[in-house]
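Input: a single structure, listed below in structure tokens.
2 protein chains.
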Amino acid sequence: MTSTTTRERLLGSARTLFQRQGFAATGIKQILEVSDAASASLYHFYPGGKHDLAADAIRTSGAEYQALVESVLDSAPDPCAGVRACFDGAASTVEASGYQDACPIATVASEIANTDDELRQACADVFDSWIDAAAKRFRAAGVKPAAARELAVTFIMLLEGGFLMARVRRDAAPLRRAGRTMEALVRASLDS
Amino acid sequence: MTSTTTRERLLGSARTLFQRQGFAATGIKQILEVSDAASASLYHFYPGGKHDLAADAIRTSGAEYQALVESVLDSAPDPCAGVRACFDGAASTVEASGYQDACPIATVASEIANTDDELRQACADVFDSWIDAAAKRFRAAGVKPAAARELAVTFIMLLEGGFLMARVRRDAAPLRRAGRTMEALVRASLDS
DNA sequence: GTCTATAAACCGATAGAC
DNA sequence: GTCTATCGGTTTATAGAC
Chain H
1 MTSTTTRERL LGSARTLFQR QGFAATGIKQ ILEVSDAASA SLYHFYPGGK
51 HDLAADAIRT SGAEYQALVE SVLDSAPDPC AGVRACFDGA ASTVEASGYQ
101 DACPIATVAS EIANTDDELR QACADVFDSW IDAAAKRFRA AGVKPAAARE
151 LAVTFIMLLE GGFLMARVRR DAAPLRRAGR TMEALVRASL DS
Chain P
1001 MTSTTTRERL LGSARTLFQR QGFAATGIKQ ILEVSDAASA SLYHFYPGGK
1051 HDLAADAIRT SGAEYQALVE SVLDSAPDPC AGVRACFDGA ASTVEASGYQ
1101 DACPIATVAS EIANTDDELR QACADVFDSW IDAAAKRFRA AGVKPAAARE
1151 LAVTFIMLLE GGFLMARVRR DAAPLRRAGR TMEALVRASL DS
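Quick mapping for you: the protein sequence lines, in order, are chains H and P.
Position one of the first sequence corresponds to residue 1 (the working numbering), numbered consecutively onward.
Position one of the second sequence corresponds to residue 1001 (the working numbering), numbered consecutively onward.
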């Protein structure tokens, strides 16, 4: 019995559409159609309209993806295998969705970085949280704090670059390639 | 005497606006205002309208950025210093523009990857061309062809991830950090 | 909370004179 | 090649009944 509220459907549709098409190209009308909801419902739950909805989409999608990455990292025998599994899993997801689903926030982040400081900050918070989560695990594996953080930043940069490359070229191989590179970087940090 | 034609102004404005705001958020009206041109002029030079203009913007911006990267790589004493100079230069440009100007095509590429196959292919061609240019130089420095290409793909992924991270967090340090990582990866490939 | 109807502005694109 | 004027459609957001 999976009863979904109108609010849940609105947020869910918005998250998917923003992820795949970006902020500007996704219309309120389209979100309402996919959600099978009325216009007034959206403004009831999100008085600020499209902007409020996007802020919630960024926060919740960021948190969900973080939980996924954390579970992958934590179920691997060591951080090397962990980061590699993250990239391999990302590659499989991208392929399975026909190159539609990659990073949940990257397209919106790229669009609004110069034009909407509130949404930009929400995206920055998500990235920071992802970096913290990864850095914490690298430290736990014996990497020094400063190096662990830099490694975590590189992890996210490589993942984002891989997502973009895979989507544009319709080829998940670069993402898997990035995973092996990241694995080597983590290994080098553990040895030193 | 730098006389600019209407066509040049249209393309120039479009390139800047698409780079900073993306495709969907940039209106024809805004492009015309910045270009100080009439609506009919745009459709005279670009019968396909916004779509044609974007295709030209992607191609010309891609070629121009490639020429810049090539000149930086070619004026460095070796590929290690070359890739590092690319990231340091990118970081300086991002900072100098107040975090507005990063990759000329990434925002548009991310937006249209799922929704416009013609523009997606134009972006894919740009990335391929950048990768070829970098791979060629790694080969010339002694890296085996297959490894050189993989190194070049990693170069672009790390650059794109760095651009996004820098813009969203308003901090160019991750981009410089990525440069040192890339330098180490090139050095490791040269030693083997 | 949800319905229907609609306001008010803006969108990309085009017509026709010059 | 460029001007002015404008078309038809869509956009975000709101009003008022229920």
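We put the beta carbon where it would ideally sit given N, CA and C, even for glycine.
All figures in this text were calculated on a predicted structure; none of them were measured in a lab.
How would you label PRO1079(P), buried or exposed, when you count the other beta carbons within 10 angstroms and need 16 or more for buried? On the second sequence, residue 1079(P) is found 79 positions in, with the first residue counted as 1. Answer is buried; the Cβ neighbour count reaches 16.
For ALA134(H) and VAL1168(P), which I take to be in contact (beta-carbon distance under 8 Å), what is that distance rounded to the nearest angstrom? Locating residue 134(H) in the first sequence gives position 134, counting from the first residue. Locating residue 1168(P) in the second sequence gives position 168, counting from the first residue. Rounded, the Cβ-Cβ distance is 16 Å, inconsistent with contact.
Contact set between PHE1127(P) and chain H, taken where Cβ atoms lie within less than 8 Å: For the purposes of this step, residue 1127(P) is identified with residue 127 of the second sequence, where counting begins at 1. Close to PHE1127(P), with beta-carbon spacing below 8 Å, are these residues of chain H in chain order: MET165, VAL168 and ARG169.
Does the Cβ-Cβ distance between LEU53(H) and TYR46(H) come in under 7 Å? Here the question's residue 53(H) lines up with position 53 in the first sequence. Here the question's residue 46(H) lines up with position 46 in the first sequence. Yes.
Between which two residues does the alpha helix (DSSP H) harbouring GLY142(H) extend? For the purposes of this step, residue 142(H) is taken as the residue at position 142 of the first sequence. Where GLY142(H) is concerned, there is no enclosing alpha helix (DSSP H), given that its DSSP letter is neither H nor E.
Would you mind reading off the limits of the alpha helix (DSSP H) that contains ALA1085(P)? Translated into positions along the second sequence, residue 1085(P) becomes position 85. Taken as a continuous stretch (DSSP letters only), the alpha helix (DSSP H) holding ALA1085(P) covers 1079-1096.
Of all the CB atoms in chain P, is at least one closer than 7 Å to the CB of CYS86(H)? Against the first sequence, residue 86(H) aligns to sequence position 86. Contacts with chain P at 7 Å (Cβ-Cβ) do not include CYS86(H).
Which residue's Cα is closest to the Cα of GLY1062(P): ALA1166(P), ILE1112(P) and ASP1125(P)? Walking along the second sequence from the start, residue 1062(P) turns up at place 62. Here the closest residue by C-alpha is ASP1125(P).
Quick one: Cα of THR4(H) to Cα of GLU183(H), how far? Along the first sequence, read from residue 1 onward, the residue named residue 4(H) stands at position 4. Along the first sequence, read from residue 1 onward, the residue named residue 183(H) stands at position 183. Going from the Cα of THR4(H) to the Cα of GLU183(H) covers about 40 Å.
Quick one: measure Cβ to Cβ for ASP101(H) and THR93(H), integer angstroms, because I've assumed they're closer than 8 Å. Here the question's residue 101(H) lines up with position 101 in the first sequence. Here the question's residue 93(H) lines up with position 93 in the first sequence. Contact between ASP101(H) and THR93(H) holds: their C-beta atoms lie close to 6 Å from each other, under 8 Å.
One question on the structure: do SER1035(P) and LEU1068(P) come within less than 7 Å of each other, judged by their Cβ atoms? In the second sequence, residue 1035(P) corresponds to position 35, counting from 1. In the second sequence, residue 1068(P) corresponds to position 68, counting from 1. When the beta-carbon positions are compared, SER1035(P) and LEU1068(P) stay at least 7 Å from each other.
Uninterrupted beta strand (DSSP E) stretches inside the stretch 1004-1068 of chain P (no shorter than 3 residues): Counting only runs of 3 or more, we get nothing.
Take GLU8(H) as the anchor and find which of GLY142(H), LYS144(H) and LEU32(H) has the nearest alpha-carbon. As a first step, residue 8(H) must be located in the first sequence, where it is residue number 8. The candidate whose alpha carbon is nearest that of GLU8(H) is LEU32(H).
Applying a beta-carbon distance threshold of less than 8 Å, which residues of chain P neighbour GLY22(H)? In the first sequence, the residue the question calls residue 22(H) occupies position 22. What GLY22(H) touches in chain P: GLY1022, ALA1024, SER1110 and GLU1111.
Determine the chain P residues that contact VAL69(H) at a beta-carbon separation under 7 Å, and present them in chain order. As a first step, residue 69(H) must be located in the first sequence, where it is residue number 69. Simply none; closest approach about 15 Å.
DSSP three-state label for THR107(H), please. Here residue 107(H) corresponds to residue number 107 of the first sequence, with the count starting at 1. Judged by DSSP in its simplified three-state form, THR107(H) adopts helix.
For GLN1019(P), collect the residues of the same chain with a Cβ closer than 6 Å to its Cβ; drop the 5 residues on either side in sequence, then sort them by chain order. Here residue 1019(P) corresponds to residue number 19 of the second sequence, with the count starting at 1. Hits under 6 Å: PRO1104.
Using C-beta distances below 8 Å, list every residue in its chain close to ILE1028(P), excluding the 5 sequence neighbours before and after it, in chain order. Here residue 1028(P) refers to the residue found at position 28 of the second sequence. Hits under 8 Å: SER1039, LEU1042, GLY1049 and LYS1050.
Along chain H, which residues have their Cβ under 7 Å away from the Cβ of CYS1123(P)? Taking the second sequence and counting its residues from 1, the one referred to as residue 1123(P) is at position 123. What CYS1123(P) touches in chain H: VAL168.
Could you tell me the distance, in whole angstroms, from the CA atom of PHE1154(P) to the CA atom of ARG176(H)? Working through the second sequence from its first residue, we reach residue 1154(P) at position 154. Working through the first sequence from its first residue, we reach residue 176(H) at position 176. The sequence as given places Thr at residue 1154(P); Phe does not occur at that position. THR1154(P) and ARG176(H) have their alpha carbons spaced roughly 11 Å apart.
Determine the DSSP secondary structure at ALA102(H), reduced to helix, strand or coil. For the purposes of this step, residue 102(H) is taken as the residue at position 102 of the first sequence. Coil, per DSSP.
Whole-number beta carbon distance between ARG120(H) and ILE131(H), since they are thought to touch under 8 Å: Here the question's residue 131(H) lines up with position 131 in the first sequence. Here the question's residue 120(H) lines up with position 120 in the first sequence. Rounded, the Cβ-Cβ distance is 16 Å, inconsistent with contact.
Note down the Cα distance separating ASP74(H) from ALA85(H), rounded to an integer number of angstroms. Translated into positions along the first sequence, residue 74(H) becomes position 74. Translated into positions along the first sequence, residue 85(H) becomes position 85. Going from the Cα of ASP74(H) to the Cα of ALA85(H) covers about 11 Å.
Rounded to whole angstroms, what is the Cα-Cα separation between THR1115(P) and ALA25(H)? Against the second sequence, residue 1115(P) aligns to sequence position 115. Against the first sequence, residue 25(H) aligns to sequence position 25. Computed Cα separation, rounded: 10 Å.
Give the residues from the stretch 24-49 of chain H that approach chain P closer than 8 Å (Cβ to any Cβ), ordered along the chain. Interface annotation for the stretch 24-49 of chain H against chain P: ALA24 and ALA25, criterion Cβ-Cβ distance under 8 Å.
Would you give the residue range spanned by the alpha helix (DSSP H) that ARG187(H) belongs to? On the first sequence, residue 187(H) is found 187 positions in, with the first residue counted as 1. 173-191 is the span of the alpha helix (DSSP H), which, as asked, contains ARG187(H).
With a cut-off of 7 Å, does the C-beta of GLN1100(P) fall near any C-beta of chain H? Residue numbering aside, residue 1100(P) sits at position 100 when the second sequence is read from its first letter. Taking Cβ atoms only, chain H reaches closer than 7 Å to GLN1100(P), which makes this a yes.
Taking 7 Å as the threshold (C-beta atoms), are MET1157(P) and ALA91(H) in contact? Indexing the first sequence from 1 puts residue 91(H) at position 91. Indexing the second sequence from 1 puts residue 1157(P) at position 157. No; because the gap between Cβ atoms is not below 7 Å, this pair is not in contact.
Among GLY12(H), ALA81(H) and VAL83(H), whose alpha-carbon lies nearest the alpha-carbon of ARG59(H)? As a working mapping, residue 59(H) is identified with position 59 in the first sequence. Selected option, being the one with the closest Cα: GLY12(H).
For PRO1174(P), go through chain H and note every residue whose CB falls closer than 7 Å to its CB, in chain order. For the purposes of this step, residue 1174(P) is identified with residue 174 of the second sequence, where counting begins at 1. Among the residues of chain H, those whose CB is under 7 Å from the CB of PRO1174(P) are VAL153 and MET157, following chain order.
Applying the 10 Å Cβ sphere with the 16-neighbour rule, what's the burial state of GLU1160(P)? Locating residue 1160(P) in the second sequence gives position 160, counting from the first residue. By the 10 Å Cβ count, GLU1160(P) comes out buried.
So is ASP966(P) buried or exposed if we call it buried at 16+ other beta carbons inside 10 Å? Given that chain P is displayed from residue 1001 to residue 1192, the structure contains no residue 966(P) and the question cannot be resolved.
Could you check how far apart the C-beta atoms of ALA152(H) and PHE138(H) are, in whole angstroms? I think they sit under 8 Å. Here residue 152(H) corresponds to residue number 152 of the first sequence, with the count starting at 1. Here residue 138(H) corresponds to residue number 138 of the first sequence, with the count starting at 1. With 8 Å as the limit, ALA152(H) and PHE138(H) qualify as a contact, their Cβ atoms being about 6 Å apart.
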